[in-house]
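Colleague: For reference, the structure I am asking about is given below.
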Amino acid sequence: MSVARYFDEMSYGPAPEADAEARAWLKKHAAGFGHFINGAFVKSADDGHFETMEPATDARLARVAQGSAADIDAAVKAARAAQARWARLSGHARARHLYALARAVQRHGRLLAVIEALDNGKPIRETRDIDIPLVARHFYHHAGWAQLQETEFADQVPVGVVGQVIPWNFPLLMLAWKVAPALALGNTVVLKPAEYTPLSALLFAEIAADAGLPAGVFNVVTGDGGTGAALVAHPDVDKIAFTGSSEVGKIIREKTAGSGKSLTLELGGKSPFIVFDDADIDSAIEGVVDAIWFNQGQVCCAGSRLLLQEGIADTFLARLKRRMGSLRVGQPLDKAIDMGAIVAPVQLERIKSLVATGVAEGADLFQPKMTLPENGCFYPPTLLANVQSAATVMREEIFGPVLVAMTFRTPDEAVMLANNTRYGLAASIWSETIGLALDIAPKLQAGVVWINATNLFDAGVGFGGYRESGYGREGGREGAHEYLKPAAWAKRKPRAAAEPLPQPQPTADGFGLPQIDRTAKLFIGGKQARPDGNYARVVLDPKGRKLGEVGEGNRKDIRNAVAAARAAEAWSRATTHNRAQILYYIAENLSARADEFTQRIVAMTGTSKVKAAAEVEASIARLFSYGAWADKFEGAVHQPPLRGVALAMNEPLGVVGVVCPDEAPLLGFISLMAPLIAMGNRVVVVPSERHPLAATDFYQILETSDVPPGVVNIVTGTAKDLAKTLAEHDDVDGLWVFGAAELSTMAEKLSVGNLKRLLVDHGLAIDWHDRAAAEGPILLRHAVQVKNIWIPYGE
Amino acid sequence: MMADLKIASIGGSTNQAGHNLVPRNEAMPLDLGWVRDVRVNLSGVERRAATLPGRRTVKKDAQAAWLLKAITCIDLTTLSGDDTRQRVERLCAKAKAPVRPDLLDALGMADRHLTTGAVCVYHRFVKTAVAALAGSGIPVAAVSTGFPAGLIPHDLKLKEIEASVRDGAAEIDIVITREHVLTGNWQALYDEMRDFRMACGDAHVKAILATGDIKTLRNVARASLVCMMAGADFIKTSTGKEGVNATLPVTLVMLRMIRAYQERTGFKVGYKPAGGISAAKDVLNYQIMMKEELGREWLEPHLFRIGASSLLADIERQLEHHVTGRYSAFNRHAVG
Numbered sequence: 075m076s077v078a079r080y081f082d083e084m085s086y087g088p089a090p091e092a093d094a095e096a097r098a099w100l101k102k103h104a105a106g107f108g109h110f111i112n113g114a115f116v117k118s119a120d121d122g123h124f125e126t127m128e129p130a131t132d133a134r135l136a137r138v139a140q141g142s143a144a145d146i147d148a149a150v151k152a153a154r155a156a157q158a159r160w161a162r163l164s165g166h167a168r169a170r171h172l173y174a175l176a177r178a179v180q181r182h183g184r185l186l187a188v189i190e191a192l193d194n195g196k197p198i199r200e201t202r203d204i205d206i207p208l209v210a211r212h213f214y215h216h217a218g219w220a221q222l223q224e225t226e227f228a229d230q231v232p233v234g235v236v237g238q239v240i241p242w243n244f245p246l247l248m249l250a251w252k253v254a255p256a257l258a259l260g261n262t263v264v265l266k267p268a269e270y271t272p273l274s275a276l277l278f279a280e281i282a283a284d285a286g287l288p289a290g291v292f293n294v295v296t297g298d299g300g301t302g303a304a305l306v307a308h309p310d311v312d313k314i315a316f317t318g319s320s321e322v323g324k325i326i327r328e329k330t331a332g333s334g335k336s337l338t339l340e341l342g343g344k345s346p347f348i349v350f351d352d353a354d355i356d357s358a359i360e361g362v363v364d365a366i367w368f369n370q371g372q373v374c375c376a377g378s379r380l381l382l383q384e385g386i387a388d389t390f391l392a393r394l395k396r397r398m399g400s401l402r403v404g405q406p407l408d409k410a411i412d413m414g415a416i417v418a419p420v421q422l423e424r425i426k427s428l429v430a431t432g433v434a435e436g437a438d439l440f441q442p443k444m445t446l447p448e449n450g451c452f453y454p455p456t457l458l459a460n461v462q463s464a465a466t467v468m469r470e471e472i473f474g475p476v477l478v479a480m481t482f483r484t485p486d487e488a489v490m491l492a493n494n495t496r497y498g499l500a501a502s503i504w505s506e507t508i509g510l511a512l513d514i515a516p517k518l519q520a521g522v523v524w525i526n527a528t529n530l531f532d533a534g535v536g537f538g539g540y541r542e543s544g545y546g547r548e549g550g551r552e553g554a555h556e557y558l559k560p561a562a563w564a565k566r567k568p569r570a571a572a573e574p575l576p577q578p579q580p581t582a583d584g585f586g587l588p589q590i591d592r593t594a595k596l597f598i599g600g601k602q603a604r605p606d607g608n609y610a611r612v613v614l615d616p617k618g619r620k621l622g623e624v625g626e627g628n629r630k631d632i633r634n635a636v637a638a639a640r641a642a643e644a645w646s647r648a649t650t651h652n653r654a655q656i657l658y659y660i661a662e663n664l665s666a667r668a669d670e671f672t673q674r675i676v677a678m679t680g681t682s683k684v685k686a687a688a689e690v691e692a693s694i695a696r697l698f699s700y701g702a703w704a705d706k707f708e709g710a711v712h713q714p715p716l717r718g719v720a721l722a723m724n725e726p727l728g729v730v731g732v733v734c735p736d737e738a739p740l741l742g743f744i745s746l747m748a749p750l751i752a753m754g755n756r757v758v759v760v761p762s763e764r765h766p767l768a769a770t771d772f773y774q775i776l777e778t779s780d781v782p783p784g785v786v787n788i789v790t791g792t793a794k795d796l797a798k799t800l801a802e803h804d805d806v807d808g809l810w811v812f813g814a815a816e817l818s819t820m821a822e823k824l825s826v827g828n829l830k831r832l833l834v835d836h837g838l839a840i841d842w843h844d845r846a847a848a849e850g851p852i853l854l855r856h857a858v859q860v861k862n863i864w865i866p867y868g869e
Numbered sequence: 134m135m136a137d138l139k140i141a142s143i144g145g146s147t148n149q150a151g152h153n154l155v156p157r158n159e160a161m162p163l164d165l166g167w168v169r170d171v172r173v174n175l176s177g178v179e180r181r182a183a184t185l186p187g188r189r190t191v192k193k194d195a196q197a198a199w200l201l202k203a204i205t206c207i208d209l210t211t212l213s214g215d216d217t218r219q220r221v222e223r224l225c226a227k228a229k230a231p232v233r234p235d236l237l238d239a240l241g242m243a244d245r246h247l248t249t250g251a252v253c254v255y256h257r258f259v260k261t262a263v264a265a266l267a268g269s270g271i272p273v274a275a276v277s278t279g280f281p282a283g284l285i286p287h288d289l290k291l292k293e294i295e296a297s298v299r300d301g302a303a304e305i306d307i308v309i310t311r312e313h314v315l316t317g318n319w320q321a322l323y324d325e326m327r328d329f330r331m332a333c334g335d336a337h338v339k340a341i342l343a344t345g346d347i348k349t350l351r352n353v354a355r356a357s358l359v360c361m362m363a364g365a366d367f368i369k370t371s372t373g374k375e376g377v378n379a380t381l382p383v384t385l386v387m388l389r390m391i392r393a394y395q396e397r398t399g400f401k402v403g404y405k406p407a408g409g410i411s412a413a414k415d416v417l418n419y420q421i422m423m424k425e426e427l428g429r430e431w432l433e434p435h436l437f438r439i440g441a442s443s444l445l446a447d448i449e450r451q452l453e454h455h456v457t458g459r460y461s462a463f464n465r466h467a468v469g
């Protein structure tokens, strides 16, 4: 086209990014890439391989090794061999390594950006301006955590060998989010990149080796889902960190149940994008562009559900459609496009099929007129308006450039609709009224909330989900903890096998004055409730004498207790001062009845009076500790690189089930219940199966301590059955299980329905009298989830 | 949209400026509710302004064409205390022949009779410029109303406008009274702007908001809206004398207001950034923003002007580089 013709048309013309260096690098590896194991590239043990394609053209890009279980094993062995030495390096030495990686990423920034765009199909603008700079930032930030580890995490140790499985939507960025904190804090890594997009991880491995990273510290095994499964199944891996679909996340949860592996999952979402009628509408529309047409909408935290206040809906959608008309879809290496290619044909088909479903279910479809490239996987920006909350496209993650829209009338309704989802990854709120925006943010079930912004990320600000969007955080101090474990828990030993239950002895009462019967009921919703099944179980002392009877709780009792806990939602909003006062009051009332509880413990366990009295005193002190923590275990104010702040709020999980161990029947119960309610959770507690009477005696203390009904519910009975119901219950947000190892395994396996947050002991005993192991942040961290609220500001 | 009858009757359609390609803004009654409803989120605006240059770019032939187009939108300006008749005549000569003929030839643009959009001077030099530009079709723009501070008596402002129009100015760049914006006196701003517009008669009026003085983007948005309601043909950022001149965020806000005004009234209002745009790569970013936010039509001089004095020289160097492949120097191009 001539200058004169451009002068008349004023069109953009092509603006291709050069790919010569990237093609040369691929050519150098034309024979095929190996796995990166123990500092060197090696072939697959069985010489297996597969091809990776360029989604924008359907052309073959490279030949990549298909990892087998043997390759995974070799990589895990290398990581294991390196881990102790790597962890023994000083924090400063590891900081130097991470700093070198950050510098190396910057040095090779353009090559990484081009390779990423070729392999994934995303625009070079995004890889160049967003992905790669964030990768470098992540390594810089975590070089800092390595440097500070000895002082800032003095009571923590590395987890060990970490298996990491990452997705194809941000291949190198997800690598950085996982690898940087793991390495910084003394772990070694086996990384399995996504099948569609392995190249940037292989290039990074080359770069890392060149930057002097010791052999075995970072290993890459490429392959498909089977390779990932082999990594997840490997017995010598201490932790799995996974980012991907909720479906696969749940499989991993199930497969790792009982293995003792710790797990973080960063999964899907259907994040709301809420626009109030006092928003800057034009800026909100640009927000929509960044929310759903960023990376072709293949973003786990994409703002894919547009919720518009009814009064502005028409004008908003009209302006949005105009804006959609100026979006450009084209070749990823064209520097003047907004959207590139969808990652693979199967994904494109899924998007098409879901949009067809949406239209069939009544949505109004809008796609701007545009010409898509002839070859490759391309899909236009798409709006589905007038979508009802029951529609498939409103509930299912599409993972493509498809926005669904509906309206709301009031702030309450906006919150209700926003939370009407299984997911809870992110949310975006648009309003120019500070009171409104800051009121909505805490009410949303989401790990990340952006006010008047969207898709902002920073290494210093934790990212991660609520609900079925997964658990764990990546970035910031909250993310660092995912790659550490408490030193106080590192040397726990399996619980001694429980003594067999004694033979019940006949009751010897004759004509003496009988004891007044004190059959304990259950404690649900602030009332003592008869068990649903109307059966009782006998509680024996160590000699087999009957001490009393307690209710035999069943499924329906758990259901009722969970409903009562759900209804006590006001507790989560109570002031921390209020919660502290109540914890002190519980302690006060327990203290008043210390002798009674001492005798009860002696009677139940046969321990000495001195030890029993010490347990009661420790319980009172523990309640005081959590009264103290209630208004002190606070969040943080992050300062990401923008004019604004991100508030890291410690929010309660919601309704949490607690299964107590048999040892220390009072102190164990208090040690688990108190941190949870201090942080605003409502609990359903299954007390020690063998020694439940300390907990049932506690009803009266709860009743006299101003604990609101439903905050603490206690269901006695068979721990295994009750734990099973709790684990399977989809309205239970978290579950703490302490006791036999098989209880932990079962809880992990059955928790997949709603991916509830778990804290289990895998049958490893904790000394409840040891404050370092049984009190404070070590448990409080599990009683909260961090929500980061991004607040850019300025007039 | 209901027209302001008084202005419509004065405005008419027999304008001699040669850029009256769209119906003139007929103004509308002051709608204070609309003005007060305006919301501008600074971070959101900054983000769009900062990322747009990364989303769009023009290269090679397209870039040369866009730069040539930019030339046709330049209000080639001299607003110095030491301006003289011959200084203005030299500027006018440059306006008529802004690019070396051999370069235009090499670009295949020799037959396009490329000129700048206008020449912009103080009232004193309007006659000089009109004479120098006779037959070229290039309009003369006069800064007015006590430029740059705009603090002379109101009746003198109107007289200054009328005098410039009498001398042949086809365009009048007025400055608003910043106090009206800073105190939220939108009625006073509206009244003042309406008087200016009426005093201009057939001459087109550009309203200079002095965005560096009124500071906040919310003020910029509201002042833009009020000036358009009162009949501004163009809204313009700056006199070039404030501490901060044209910026992309300010531009984005003004363009969004132009779009909103058009949505509601149907009238297309032009935009003129001024001050500080001196590099070819900068002007491309402004052009891209015009095209993305308002559309293709706003790249033409009847809806887009750039107030600049040194920009042209940089564009000439870039054009020569495009033709020869060698980096150019200022001394190879005639000064304006």
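Chains V and R, in that order, are what the protein sequence lines are. So the mapping is simple: the working numbering equals the position in the first sequence, first residue as 1, plus 74. So the mapping is simple: the working numbering equals the position in the second sequence, first residue as 1, plus 133. Glycine included, each C-beta is placed from N, C-alpha and C at the ideal position.
Just mark residue 242 (chain R) as buried or exposed, buried being the case when its beta carbon has 16 or more other beta carbons within 10 Å.
Modeller: buried
Colleague: So is residue 77 (chain V) in contact with chain R if we call contact Cβ pairs under 7 Å?
Modeller: The beta carbon of residue 77 (chain V) falls within 7 Å of a beta carbon belonging to chain R, placing the residue at that interface.
Colleague: Check whether chain R comes within 7 Å of residue 747 (chain V), counting only Cβ atoms and requiring the distance to be less than that.
Modeller: no
Colleague: Helix or strand or just coil, what does DSSP make of residue 858 (chain V)?
Modeller: strand
Colleague: Can you tell me which of the three DSSP states residue 379 (chain V) falls into?
Modeller: strand
Colleague: Taking 7 Å as the CB-CB limit, is residue 397 (chain V) close to chain R?
Modeller: Interface criterion not met: the Cβ of residue 397 (chain V) is under 7 Å from no Cβ in chain R.
Colleague: I'd like to know whether the C-beta of residue 182 (chain R) is nearer than 7 Å to at least one C-beta of chain V.
Modeller: no
Colleague: Quick check on residue 429 (chain R) - is its C-beta less than 7 Å from some C-beta in chain V?
Modeller: By the rule that beta-carbons nearer than 7 Å mark a contact, residue 429 (chain R) touches chain V.
Colleague: Mark residue 378 (chain R) as exposed unless 16 or more other C-beta atoms lie within 10 angstroms of its C-beta, in which case mark it buried.
Modeller: buried
Colleague: With distances taken from CA atoms, which of R:427, R:347, R:257 is nearest residue 315 (chain R)?
Modeller: R:347
Colleague: Can you tell me the Cβ-Cβ gap for residue 815 (chain V) and residue 836 (chain V), rounded? I've got them flagged as a contact below 8 Å.
Modeller: Confirmed, Cβ separation roughly 6 Å.
Colleague: So with CB distances below 8 Å, who are the chain R contacts of residue 244 (chain V)?
Modeller: Result: empty, since nearest Cβ-Cβ is about 18 Å, beyond 8 Å.
Colleague: Here's a check: name, in chain order, each residue in its chain whose Cβ is nearer than 8 Å to the Cβ of residue 384 (chain R), leaving out the five neighbours to either side.
Modeller: 182, 370, 404, 406, 419, 422
Colleague: Tell me which residue opens and which closes the beta strand (DSSP E) that residue 612 (chain V) is part of.
Modeller: 610-614
Colleague: Would the stretch 614-632 of chain V and the stretch 750-768 of chain V be scored as touching if the rule is three or more Cβ pairs under 8 Å?
Modeller: yes
Colleague: Looking only at C-alpha atoms, which of V:600, V:81, V:261, V:217 sits nearest to residue 154 (chain V)?
Modeller: V:261
Colleague: Count the C-beta pairs between the stretch 299-311 of chain V and the stretch 544-564 of chain V that are closer than 8 Å, then say yes if the count reaches three, no if not.
Modeller: no
Colleague: Please classify residue 449 (chain V) as buried or exposed, where buried requires at least 16 neighbouring CB atoms within 10 angstroms.
Modeller: When all chains shown are included, residue 449 (chain V) counts as exposed.
Colleague: DSSP state of residue 559 (chain V), grouped into three classes?
Modeller: strand
Colleague: Which residues of chain R have a Cβ atom closer than 7 Å to the Cβ of residue 86 (chain V), listed in chain order?
Modeller: The contacting residues are 189, 191, 195.
Colleague: Report the start-end ranges of each beta strand (DSSP E) in the stretch 180-226 of chain V that is 3 residues or longer and not cut off at the edges.
Modeller: For the stretch 180-226 of chain V, not one full-length beta strand (DSSP E) segment reaches 3 residues or more.
Colleague: Anything in chain V within Cβ reach of residue 176 (chain R), meaning under 9 Å, just list it in chain order.
Modeller: 357, 526, 527, 716, 717, 718, 866, 867, 868
Colleague: Indicate whether the contact test is met: 3 or more Cβ pairs, each with one atom in the stretch 237-253 of chain V and one in the stretch 399-412 of chain V, closer than 8 Å.
Modeller: no
Colleague: Using only the alpha-carbon positions, how far apart do residue 411 (chain V) and residue 453 (chain V) sit?
Modeller: 13 Å
Colleague: What are the residues that DSSP puts in a beta bridge with residue 136 (chain V)?
Modeller: V:126
Colleague: Quick check: what's the CA-CA separation for residue 92 (chain V) versus residue 408 (chain V)?
Modeller: Approximately 9 Å, taken between the alpha carbons.
Colleague: On the DSSP bridge assignment, give the partners of residue 403 (chain R) in chain order.
Modeller: Beta-bridge pairing links residue 403 (chain R) to R:367.
Colleague: Going by C-alpha to C-alpha distance, which of V:652, V:791, V:738, V:734 sits closest to residue 705 (chain V)?
Modeller: Comparing C-alpha distances from residue 705 (chain V) to each of V:652, V:791, V:738, V:734 shows the shortest one belongs to V:652.
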